[in-house]
Each structure stands twice: as C-alpha cells, then as structure tokens.
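*Asks:* One structure coming up, written as structure tokens, with questions to follow.
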C-alpha cells in the first residue's frame with residue numbers, strides 16, 4: 032500500500048450541552064505517497080474539522096464517533112496507526128503530531144509565539160522528536176531556515192516573529208513544520224492571509240520542500256486557483272460531506288456534482304467576455320424603486336418610475352469626471368528615541384498619485400498590502416489630510432471643488448456625496464443597532480428627508496440589495512457575512528452618493544458569496560448609474576468589475592489603463608509580476624513558478640532601468656497609448672519590457 | 188537595556204517631587220492646621236487658651252511661615268532622613284512610627300506573597316478546567332471573598348477563634364512583647380500572629396486575582412500559537428507553561444506597582460479591627476488631627492512604594508517581553 036493516510040467513513044460530532052451537531056459525516060479519502068491532495072470547501076464546510084481530526088487537535092467538545100484515520104508511516108513500513116482511536120494528548124499521538132504529520136496555519140501573524148525567538152520555537156520541535164543536543168538542533172534549524180529561503184539563518188534564529196514580515200513568518204512556520212522531516216504536511220489555508228506575489232513564493236516553496244523531503248501534502252483551501260496549481264487530486268467538501276473527489280484535471284474539466292460546478296462558475300477568471308456573468312449559488316435580483324432613481328435628475332418622480340433609470344441617463348454625463356486626484360502625497364512620521372532626542376523618520380504612504388474617476392464608471396485600484404491604497408481612500412474621504420496635491424470633486428452645483436483646503440463645516444455637503452463600504456462586514460456594523468437604524472443613520476446625520484421618507488427609503492434600499500424588509504428590526508449578528516456586506520452597501524446608498532468607495536468589499540467572503548456581491552454591485556451600477564472606486568488586492572475581482580484599472584505599489588500608481596489593455600499588454604514590471612503571480616482556477620494557465628521574483632517585484636529600487644525609483648531617479652507617468660499610462664523615465668520602455 | 192534602566196530611574200525623581208508637592212498641598216487643603224484643631228478641642232472642653240501661648244507654638248512649629256517655606260523645610264528634611272515632628276505625640280516622626288513601618292512592610296509583603304501563591308495554581312486550574320465542578324467551586328469561594336467586607340471577616344475570625352479555640356488572634360505579637368526590644372522569641376510570635384491578618388487582607392485580593400488570571404489565560408488558551416505548540420507534539424502541561432501562561436503573566440507584572448498601595452490602604456480598617464500595630468490606624472488619626480508631618484511621612488512612604496513598584500514592574504516587563512524591549516519608544 033502506498034497510501035500514507037486513509038480516512039474512511041469519518042464522522043465528527045460536536046457534543047453540546049443540549050444537542051449534538053454533526054460537523055463531518057461519511058468522509059472518505061486517501062493521500063498517496065508524495066501526493067498533494069486538496070480539500071476544497073467554503074467556510075463552515077467542515078474542512079478544518081477534518082484537518083484537526085488528522086492532527087488530533089479537535090476541540091474538547093468534538094468527538095470522532097465513527098470511522099477511521101489510518102496512518103501508514105513510510106519510515107516504519109508495515110505499521111498502521113488509527114489516529115481516530117488514539118488518545119489526543121497521549122504519548123503516541125504526540126510523537127506523530129509534529130514529528131510525522133506537521134501542520135501550518137493560515138495566520139502567520141498569530142501562529143508563532145511573540146515571546147520566543149524563531150530559533151527557540153524551531154529547536155523545540157527538533158528536540159521533541161529527535162534525540163539531539165542543543166547545538167545539533169540549532170544546526171538542523173539553520174539548515175531548514177536556509178531551505179525555506181532565509182538569507183541569514185544564523186540571525187533568523189535570534190529574531191522574534193514580530194520582527195519579520197508576513198511572508199517571512201510563514202516561511203519560518205514552514206521551517207518549523209518541516210524540521211522533523213514529516214511524512215505528511217497539513218497546510219490549512221497557508222496563503223490566504225498573504226499577498227499574491229508572496230502567495231506564489233510560498234506555494235513554490237511548499238512544492239520545492241515537498242520534492243526535497245519526499246512528503247505528501249494535504250492542502251486545505253477555498254481558493255480554486257491554488258488547487259489548480261498545486262493539487263494532484265482534490266476532494267470537495269460541502270456541509271461536512273464529500274460531494275466529489277478525483278484527479279484535479281478531471282474535476283476541473285468535468286465537474287460531476289452541481290456544487291462543484293457552481294463553485295467553479297463563481298470564480299472570476301481573466302478570460303471572461305464583457306457580458307459574461309459569474310454564477311453565484313444564489314443570485315440577488317435588485318429591484319430599484321422611485322426614490323433611488325431620483326439620483327439621476329430632480330424631475331417628477333412619477334415620470335421616473337416609467338422610464339428605466341438606465342435610459343434616463345444623460346449621455347453627456349457619462350464622461351464627465353466626478354473625482355480628480357492630482358499629485359496627492361501623504362507621509363507618516365515615525366518617532367524613535369526618547370523625550371530629549373527624537374529622530375523623525377518620514378515614511379511616504381502615498382506619493383504623487385493622480386487618478387480620475389468619471390461618472391458612471393468603475394475604477395479599480397489594485398495593489399498589495401501596505402501599498403497605500405487604503406491611505407489613498409482615506410485621503411479622498413478627507414479622513415486624513417494630505418501633505419501635498421489636490422482632490423477635485425464635482426459637488427451638487429456641478430462645479431469641480433477643491434476638497435483639500437476645506438474645513439469640517441465646509442466639507443459636510445461633500446461628505447454625503449462620497450460614501451464608503453468597508454472590508455470587514457463584522458466590524459463595520461454597530462452590533463447594538465438594528466438594521467433599520469443602521470441604514471437610517473446617515474440620512475439623520477445629514478438631515479435628509481423626514482421620518483416618512485426614511486421609512487420609504489429604507490424599504491427600497493432593502494429591496495435594492497435583495498434583503499427581506501422583515502429583517503429590518505434585527506441586529507447585525509443574525510446575518511451572514513454576505514448579508515452584512517449588503518447592509519453596508521444599503522447604508523452607503525442611502526444618501527444617493529455620487530461616488531462609492533469600496534475597500535476590499537469581498538475579501539472576507541466565500542467565493543460564491545463574493546460572486547453574489549460582485550454581481551449585485553454590477554447590476555446596481557448599471558441600474559442606478561453609480562460611480563465606483565473599487566480597491567482590491569485581487570486582480571481577478573478587479574478585472575470583473577472595473578472599467579479602468581490603476582496598479583499601485585509602494586505608494587505610487589505605476590500603471591493605469593483600461594481593463595482589457597492592462598491584461599493584454601501589461602508594461603510595468605510590477606504589473607507583470609502581479610499578473611504572473613495570480614493562480615488561475617484554470618488548468619490551461621498554470622503558474623509559472625520560474626517567473627516569480629523573490630521579493631524584488633515590490634521593491635521600486637530593484638525594478639529594471641527606465642522604471643527604477645530611487646534617490647537618483649523619480650520617474651513620472653508617461654503616456655503609452657490613449658488612456659494607458661506607465662511610470663517610467665523614458666517613453667521607449669516598450670522594447671525593454673517585452 | 189542599561190539606558191532604559193537609567194531613564195526609568197531618572198524619571199522617578201521628578202515623579203517623587205511632584206507627589207511630595209501634591210501630598211503637602213492636600214494635607215494643607217482643609218481649613219486650619221493642627222493648632223486650630225487643637226484649640227477648638229480645648230475650647231469645646233471649656234478650657235481657656237492663652238493667645239500668647241498659641242502664637243509661641245505657631246512660631247515654634249513654623250506654622251506662621253508661608254506655605255512654600257514650610258514645604259521646603261519639610262522636603263529638605265525628608266532628603267536628610269528627617270521626617271519632621273509629630274505635633275500630636277510631641278516626638279520626632281521617626282520615633283512615633285518606630286517599628287510600625289517595618290511591621291507594615293512585613294504584613295503587606297506577606298499578604299502579596301499569599302495572594303500570588305494561592306491564586307496562581309487556582310487560576311490556572313480554573314482556566315484549564317473551565318466549567319468543571321472545581322472551577323465552579325473556586326468561583327463561588329472567589330465571589331464570597333470578593334463580596335465579604337474585610338473587617339467583617341476579621342470580626343468573624345476573631346469571634347470564632349475566641350469562642351472555639353479560646354485564643355486571641357488580634358495584634359501582631361503576644362502582648363508581652365509589645366514595646367520590647369527585638370528578640371528571636373518576638374520574631375516567632377510575629378510569625379505566629381501573621382497568618383490571621385494575611386488571610387483576612389488577602390482574601391479579596393486573591394479572589395480578584397483568580398478571576399483575572401482565569402480570564403486572561405482563557406483568552407490566551409484559544410490563540411493560534413497555542414494550537415501551533417500542540418501541533419508540534421508538546422505535552423499539554425509544557426504547552427501551558429511555556430506559551431499561554433507566559434503571555435497571561437504580563438498584566439500581573441504590570442500590576443505590581445498598583446497592588447502595593449492597594450493592599451496597604453485596604454489593610455487600614457482591618458488593622459483597626461484587629462488592633463494591628465501597623466501604619467494604617469496611625470495615618471487615619473494623623474489625617475483627622477491634621478498632624479501634617481506624620482501624615483505626610485506616611486503618604487510619602489506609600490508613594491515611594493508605588494513608584495518603586497512601578498519601576499520593578501517596568502523592568503520585569505521589559506525583561507520578559509521582547510516586544511516591549513525591542514519596540515519600546517517606537518510610535519507614530
């Protein structure tokens with residue numbers, strides 16, 4: 032038998048004081064030697080419970096009530112252990128856990144102890160499972176840190192996790208899991224919390240280490256793009272059951288189960304036609320009423336209801352800019368030292384950013400974490416004051432107004448014209464307010480309408496985002512992430528804003544819910560002629576919703592172009608690196624791991640010649656084609672880039 | 188690290204100066220001074236007072252000087268170990284206080300030690316066995332300890348010790364040692380008497396410490412790095428002590444500075460009830476009679492304890508937590 036792990040009829044129940052809940056039932060699959068198996072499912076599907084059962088890390092309330100998890104250690108041929116029968120904290124389970132089966136986790140920020148050095152934490156794992164001395168353990172740890180790509184492993188041993196970036200922490204975590212050379216690595220969403228370019232590096236690392244150490248990998252993920260690029264076989268989990276399993280290419284080409292089909296249809300990919308739509312599990316049909324349609328013109332509302340709002344659009348309005356940001360800069364100062372002598376470091380968060388958003392258009396802003404995209408959105412909202420540059424906004428008068436010099440009172444009329452939808456659907460709604468209060472609040476703050484108008488507007492907004500108006504008296508906790516995000520959208524729409532800013536609105540949601548929200552946003556934009564500034568790190572999402580895309584890196588916009596142009600002909604090395612790093616949920620476009628630059632991609636000083644940004648050269652935006660701009664020193668970059 | 192220590196020590200100086208000013212001002216805030224209080228008392232007893240004598244006393248005690256002169260006299264004295272003169276006892280403060288200061292220190296340190304020794308095992312047990320019978324039992328006891336006023340517990344203990352065992356557990360030593368020189372027998376007597384006040388004063392502190400340790404540890408136990416440690420194959424006990432417990436310690440270390448004055452002030456009532464020869468009751472009377480140098484000395488002593496406690500906790504925190512040690516002083 033070459034299988035390392037065989038799970039048969041696994042059933043895990045959570046025993047609560049008043050009831051038993053089936054978390055996982057009838058789960059059967061196997062992992063072969065040196066094979067990568069992906070466990071795919073959305074949040075709450077039970078995929079993490081399965082991984083916990085394999086590791087013997089189930090919470091106290093969970094019990095394995097049926098089935099077996101047979102582990103056949105390749106180092107001890109012929110032996111088979113049923114993990115399901117072992118005492119979770121007994122000696123035998125502990126020698127397997129960490130020694131023969133290791134695990135890496137989703138959150139590199141919190142999965143290492145902040146109080147102990149990397150070296151301490153890795154050496155501890157070595158000394159637990161191998162009879163080695165302290166110095167030998169350090170040698171092994173150093174060797175493993177070199178393997179996972181630490182340039183100076185000796186120093187790395189002495190660093191604390193909080194001194195490292197997210198990508199490096201995940202590398203340290205992998206080193207810790209690998210140091211005992213396990214037979215099986217369980218990777219629970221190992222790259223979900225990381226940026227795409229870092230994700231590509233980590234995925235490549237897992238592959239390299241896998242072939243180096245000849246181990247099997249169980250990859251738990253919700254990202255079909257990662258599955259397509261990593262897994263030999265995949266197991267699809269829905270509601271605690273396996274709905275489909277097989278070779279990855281078979282499942283992708285010919286998905287048998289309806290759930291797998293809909294999951295694949297819900298993922299945005301780059302080959303979509305302009306009118307092609309994502310297919311969420313459940314589609315929302317927004318219904319727009321009379322009050323929101325008033326947005327277009329202040330005419331008689333009765334007339335408006337007869338004309339579909341999309342037709343009521345004045346053609347001339349389509350191309351006029353709503354927002355024009357010019358050479359915007361903002362830097363933060365970091366203070367280091369004591370009372371008497373303080374050194375101030377100025378760290379630019381946004382520098383020389385110019386951006387135009389036209390009416391009825393969706394502009395996508397894409398970039399990795401820390402690139403300054405959220406700071407930029409806060410500057411536009413004037414939640415922060417820029418150091419330099421101008422923000423022009425078309426107000427109710429139809430005139431472009433400079434926002435940077437205005438004080439709080441003068442800003443107030445503009446505040447209601449720009450609304451914001453946040454990333455975290457759980458933190459952005461007050462848990463002590465009903466949905467009714469949440470959606471009404473902006474209107475009360477800005478003194479729009481009377482209470483009869485509020486009631487009518489709230490009902491209409493609920494219909495628009497596809498929520499049942501009977502939910503109005505409920506509190507946010509009784510809604511799912513996707514429903515909360517829709518409440519957030521309804522709240523942002525309540526003032527009929529000219530510009531909506533979305534900051535990663537779907538990054539906390541499952542793919543099928545993401546598809547639902549993205550479709551809703553597209554429909555609303557079409558029906559209500561809304562203007563969006565859409566911020567995301569996910570290129571595929573940006574590609575699906577945006578008309579024009581600006582790529583941001585290290586506080587600067589490095590390239591901006593219409594959607595098709597950017598994807599067909601990316602010119603800037605950073606854009607190219609981003610595009611190369613995205614794992615497609617498509618077997619025909621595998622990730623080219625050779626093209627991934629190790630951390631060089633997001634360092635402006637290390638970009639090739641006409642693009643380099645350092646002390647000596649500070650390139651400006653150059654026009655390449657109509658509407659296609661690239662930040663470069665000379666305009667002849669086309670030959671170099673290709 | 189050395190500069191950190193030096194800086195912390197240096198900061199203590201202006202802090203103590205500020206505190207001394209505040210203490211002095213607060214003592215002076217009520218209308219009148221020791222003499223006028225004394226006068227009122229005499230007059231209410233129908234005794235005649237010679238104004239010339241009052242003037243003489245005022246001059247003698249320096250009470251006719253402006254406030255800032257009085258303050259500087261006092262502060263200058265403090266720096267030289269001269270705590271001033273107690274009006275009420277007609278003795279230098281040092282003599283009035285005598286052993287009380289040391290007995291207070293012994294009592295309070297024993298109490299803190301008691302709190303830590305008792306609450307840590309129980310807190311850890313309660314957190315790791317959440318919602319077990321043991322946890323519920325300790326929770327019940329803890330709430331009893333929190334809810335019951337110290338002085339009441341002291342009275343109950345005094346009463347039952349007398350009725351059941353026929354002994355008096357009041358005081359900090361057997362009566363024959365009071366006002367005697369220190370001897371081995373006297374020390375043993377103090378040790379024998381110490382347990383009752385320590386138990387009385389320590390209960391509420393222990394109870395709240397158990398509750399906090401339990402809550403902190405429960406928070407830490409559900410963190411991801413604990414799962415990582417389990418996933419390495421560490422034994423549960425080792426995981427507990429190396430990772431979450433270390434993280435849960437931070438609030439306690441940070442609290443050392445607070446707990447000292449809390450225990451000291453909390454023991455005043457108990458000291459009165461159990462007639463303990465500590466500083467508490469004396470501070471109370473000194474404040475009532477506006478015996479300013481005596482009260483000021485006590486308050487400065489408390490402040491010194493707090494400031495030193497803060498210093499100790501800062502140093503311990505920096506030593507234990509690399510995040511504080513390495514990221515200190517970095518801000519926006």
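Residue numbers (my numbering), protein chains in the order written: chain G, 32 to 673; chain D, 188 to 519.
Backbone N, C-alpha and C fix where the C-beta goes; we use that ideal spot for every residue, glycine too.
All figures in this text were calculated on a predicted structure; none of them were measured in a lab.
Taking CB distances under 8 Å as the criterion, tell me whether residue 510 of chain D reaches chain G.
*Replies:* Position 323 of the second chain, counted from the start, is the residue given in the question as residue 510 of chain D. It does; some Cβ of chain G falls within 8 Å.
*Asks:* Beta carbon of residue 603 of chain G, beta carbon of residue 613 of chain G: below 8 Å?
*Replies:* If you number the first chain from 1, residue 603 of chain G lands on position 572. If you number the first chain from 1, residue 613 of chain G lands on position 582. Result no, Cβ atoms of residue 603 of chain G and residue 613 of chain G do not sit closer than 8 Å.
*Asks:* How is residue 658 of chain G classed by DSSP in three states: helix, strand or coil?
*Replies:* For the purposes of this step, residue 658 of chain G is identified with residue 627 of the first chain, where counting begins at 1. Residue state, collapsed to three classes: coil.
*Asks:* How would you call residue 301 of chain D, buried or exposed, if buried means at least 16 neighbouring beta carbons within 10 angstroms?
*Replies:* By 1-based counting over the second chain, the position of residue 301 of chain D is 114. The residue in question, residue 301 of chain D, is buried, as its Cβ has 16 or more Cβ neighbours within 10 Å.
*Asks:* List the DSSP bridge partners of residue 34 of chain G.
*Replies:* The residue you call residue 34 of chain G lines up with position 3 of the first chain. DSSP, once it has assigned bridges, lists G:63 as partnering residue 34 of chain G.
*Asks:* Tell me which residues of the stretch 138-161 of chain G have at least one Cβ-Cβ distance to chain D shorter than 9 Å, keeping chain order.
*Replies:* Cβ contacts with chain D come from 138, 140, 141, 142, 143, 144, 145, 146, 147, 148, 152, 155, 156, 159, 160.
*Asks:* In chain D, which residues lie less than 9 Å from residue 120 of chain G when you measure between Cβ atoms?
*Replies:* Taking the first chain and counting its residues from 1, one reaches residue 120 of chain G at position 89. By Cβ distance, chain D contributes 417, 422, 423.
*Asks:* Beta carbons nearer than 7 Å to chain G: which residues of the stretch 421-445 of chain D have them?
*Replies:* Answer in chain order: 421, 422, 423, 430, 433, 434.
*Asks:* Could you list which residues in chain G have their beta carbon closer than 9 Å to that of residue 494 of chain D, in chain order?
*Replies:* Indexing the second chain from 1 puts residue 494 of chain D at position 307. Correct list: empty, because the minimum Cβ distance to chain G is about 18 Å.
*Asks:* Excluding the 5 residues preceding and the 5 following residue 44 of chain G in the sequence, name in chain order all residues of the same chain whose CB lies nearer than 6 Å to its CB.
*Replies:* Here residue 44 of chain G is taken as the residue at index 13 of the first chain, counted from 1. 51, 53, 94, 96, listed in sequence order.
*Asks:* Could you give the first and the last residue of the continuous beta strand (DSSP E) run that contains residue 219 of chain G?
*Replies:* As a first step, residue 219 of chain G must be located in the first chain, where it is residue number 188. 215-219 is the extent of the beta strand (DSSP E) around residue 219 of chain G.
*Asks:* Please tell me whether residue 373 of chain D has its Cβ less than 8 Å away from any Cβ of chain G.
*Replies:* Walking along the second chain from the start, residue 373 of chain D turns up at place 186. It does not; no Cβ of chain G falls within 8 Å.
*Asks:* Along chain D, which residues have their Cβ under 8 Å away from the Cβ of residue 125 of chain G?
*Replies:* Position 94 of the first chain, counting from 1, holds the residue named residue 125 of chain G. Chain D residues near residue 125 of chain G: 420, 421, 422.
*Asks:* For the beta strand (DSSP E) that residue 514 of chain G lies in, which residues bound it at each end?
*Replies:* For the purposes of this step, residue 514 of chain G is taken as residue 483 along the first chain, with counting starting at 1. Premise fails: residue 514 of chain G lies in the alpha helix (DSSP H), 512-524, not in any beta strand (DSSP E).
*Asks:* So, for residue 710 of chain G: in the same chain, excluding its five sequence neighbours on each side, which residues have a beta-carbon less than 7 Å away from its beta-carbon?
*Replies:* The requested residue 710 of chain G does not occur in the structure, where chain G is confined to residues 32 to 673.
*Asks:* Give the secondary structure of residue 652 of chain G by DSSP, where H, G and I count as helix, E and B as strand, and everything else as coil.
*Replies:* The residue labelled residue 652 of chain G in the question sits at position 621 within the first chain. Strand, per DSSP.
*Asks:* With DSSP as the reference, label residue 644 of chain G as helix, strand or coil.
*Replies:* On the first chain, residue 644 of chain G is found 613 positions in, with the first residue counted as 1. Coil at residue 644 of chain G, not helix or strand.
*Asks:* Taking 7 Å as the cut-off, does the CB of residue 355 of chain G come closer than this to any heavy atom belonging to the ligand HEM?
*Replies:* Among the ligands in the structure shown, none appear at all, so the ligand HEM cannot be discussed.
*Asks:* Leaving out five residues on either side along the sequence, give the residues of the same chain with a beta carbon under 8 Å from the beta carbon of residue 220 of chain D.
*Replies:* Against the second chain, residue 220 of chain D aligns to sequence position 33. So the qualifying residues of the chain are 250, 477, 479.
*Asks:* Can you have a look at residue 295 of chain D and say buried or exposed, based on whether 16 or more other CB atoms are within 10 angstroms of its CB?
*Replies:* As a working note, residue 295 of chain D is residue 108 in the second chain. Its Cβ being crowded by 16 or more others within 10 Å, residue 295 of chain D is buried.
*Asks:* Spatial neighbours of residue 713 of chain G within its chain, please: CB distance less than 8 Å, with the 5 preceding and 5 following residues excluded, ordered by chain position.
*Replies:* Any question about residue 713 of chain G goes unanswered here, given that chain G covers just 32 to 673.
*Asks:* Run down chain G in chain order and give the residues with a C-beta less than 8 Å from the C-beta of residue 414 of chain D.
*Replies:* For the purposes of this step, residue 414 of chain D is identified with residue 227 of the second chain, where counting begins at 1. Going along chain G in sequence order, the residues near residue 414 of chain D (Cβ under 8 Å) are 88, 136, 142.
*Asks:* Could you please give the first and the last residue of the uninterrupted alpha helix (DSSP H) stretch that includes residue 154 of chain G?
*Replies:* Here residue 154 of chain G refers to the residue found at position 123 when the first chain is read from its first residue. Element bounds for residue 154 of chain G: 149-160.
*Asks:* From the DSSP output, read off the bridge partner residues of residue 44 of chain G.
*Replies:* For the purposes of this step, residue 44 of chain G is taken as the residue at position 13 of the first chain. DSSP lists G:53, G:94 as partners of residue 44 of chain G.
*Asks:* Can you round the beta-carbon distance between residue 386 of chain G and residue 353 of chain G to whole angstroms, since I take them to be within the 8 Å contact cut?
*Replies:* To locate residue 386 of chain G, count along the first chain from 1; it is residue 355. To locate residue 353 of chain G, count along the first chain from 1; it is residue 322. Between residue 353 of chain G and residue 386 of chain G the Cβ distance is about 11 Å, and since that is not below 8 Å, they are no contact.
*Asks:* Roughly how many angstroms separate the alpha carbons of residue 584 of chain G and residue 407 of chain D, rounded to a whole number?
*Replies:* The residue you call residue 584 of chain G lines up with position 553 of the first chain. The residue you call residue 407 of chain D lines up with position 220 of the second chain. Near 36 Å, if we compare the C-alpha coordinates of residue 407 of chain D and residue 584 of chain G.
*Asks:* Under 8 Å, do residue 247 of chain G and residue 83 of chain G count as touching if we go by C-beta distance?
*Replies:* As a position in the first chain, residue 247 of chain G is number 216, starting the count at 1. As a position in the first chain, residue 83 of chain G is number 52, starting the count at 1. Not a contact, by the Cβ cut-off of 8 Å.
*Asks:* Does the stretch 511-523 of chain G come into contact with the stretch 537-552 of chain G, if we say contact requires no fewer than three beta-carbon pairs (one atom in each stretch) closer than 8 Å?
*Replies:* With the cut-off at 8 Å, the stretch 511-523 of chain G and the stretch 537-552 of chain G touch.
*Asks:* Which partner residues does residue 190 of chain D have in the DSSP bridge list?
*Replies:* As a first step, residue 190 of chain D must be located in the second chain, where it is residue number 3. BP columns for residue 190 of chain D are empty, so no partner.
*Asks:* Closer than 8 Å by C-beta to residue 665 of chain G: which residues in its own chain qualify, once you throw out the five before and the five after it? Chain order, please.
*Replies:* As a position in the first chain, residue 665 of chain G is number 634, starting the count at 1. Answer for residue 665 of chain G: 641, 653, listed in chain order.
*Asks:* What does the alpha-carbon distance come out to for the pair residue 469 of chain G and residue 557 of chain G?
*Replies:* Along the first chain, read from residue 1 onward, the residue named residue 469 of chain G stands at position 438. Along the first chain, read from residue 1 onward, the residue named residue 557 of chain G stands at position 526. Near 25 Å, if we compare the C-alpha coordinates of residue 557 of chain G and residue 469 of chain G.
*Asks:* According to DSSP, is residue 663 of chain G part of a helix, a strand, or is it coil?
*Replies:* For the purposes of this step, residue 663 of chain G is taken as residue 632 along the first chain, with counting starting at 1. Correct three-state label for residue 663 of chain G: strand.
*Asks:* Going by other Cβ atoms of all chains shown within 10 Å of its Cβ, with 16 needed for buried, is residue 330 of chain D buried or exposed?
*Replies:* One-based indexing of the second chain puts residue 330 of chain D at position 143. Exposed is the call here.
*Asks:* Assuming residue 450 of chain D and residue 299 of chain D make a contact with CB atoms under 8 Å, what is their CB distance in whole Å?
*Replies:* Residue 450 of chain D sits at position 263 when you count from the first residue of the second chain. Residue 299 of chain D sits at position 112 when you count from the first residue of the second chain. Confirmed, Cβ separation roughly 6 Å.
*Asks:* Which of the three DSSP states is assigned to residue 196 of chain D in this structure?
*Replies:* One-based indexing of the second chain puts residue 196 of chain D at position 9. Looking at residue 196 of chain D - three-state DSSP - the assignment turns out to be helix.
*Asks:* Considering residue 491 of chain G, what are the terminal residues of the beta strand (DSSP E) in which it resides?
*Replies:* Against the first chain, residue 491 of chain G aligns to sequence position 460. Note, residue 491 of chain G: premise wrong, no beta strand (DSSP E); alpha helix (DSSP H) at 482-495.
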